[in-house]
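Numbering (the numbering used here), first residue to last: 1420 to 1515.
Backbone N, C-alpha and C fix where the C-beta goes; we use that ideal spot for every residue, glycine too.
Please read all numbers here as calculations on a predicted model, not as lab measurements.
Have a look at the structure below before the remarks.
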């Protein structure tokens, strides 16, 4: 969709938030497109986040899909990696 096609959709949504909203209040608008952008999680995404430990012994899954509800940043990628490493090195894991 073009910016001109999207703007009325956003204006309608803004009117739901503030019934007094007027399109004249918009001084300027922009539309940016990027091939790779942050995903917008679906409703109840928190219930679908995969665990780091998988059903297969010794196999772990750590990805940016598990960074929720926070913004996807390098600091959270490092944190997920540390959590995975902690699980891998835990005494309970050594027994498997």
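Residue i: CB within 7 angstroms of a non-hydrogen atom of the ligand MN
{"i": "residue 1471", "result": "Absence of the ligand MN is noted for the structure shown, with no ligands found whatsoever."}
Coarse secondary structure for residue i, derived from DSSP in three states
{"i": "residue 1472", "result": "strand"}
{"i": "residue 1495", "result": "helix"}
Distance CB(residue i)-CB(residue j) smaller than 8 angstroms
{"i": "residue 1457", "j": "residue 1491", "result": "yes"}
{"i": "residue 1516", "j": "residue 1503", "result": "Since the first and last residues shown for the chain are 1420 and 1515, residue 1516 lies out of range."}
Euclidean distance between Cα positions of residue i and residue j
{"i": "residue 1484", "j": "residue 1423", "result": "32 angstroms"}
{"i": "residue 1486", "j": "residue 1454", "result": "20 angstroms"}
{"i": "residue 1435", "j": "residue 1428", "result": "11 angstroms"}
{"i": "residue 1494", "j": "residue 1463", "result": "24 angstroms"}
{"i": "residue 1444", "j": "residue 1426", "result": "13 angstroms"}
{"i": "residue 1421", "j": "residue 1450", "result": "8 angstroms"}
{"i": "residue 1480", "j": "residue 1430", "result": "41 angstroms"}
{"i": "residue 1500", "j": "residue 1482", "result": "8 angstroms"}
{"i": "residue 1459", "j": "residue 1509", "result": "33 angstroms"}
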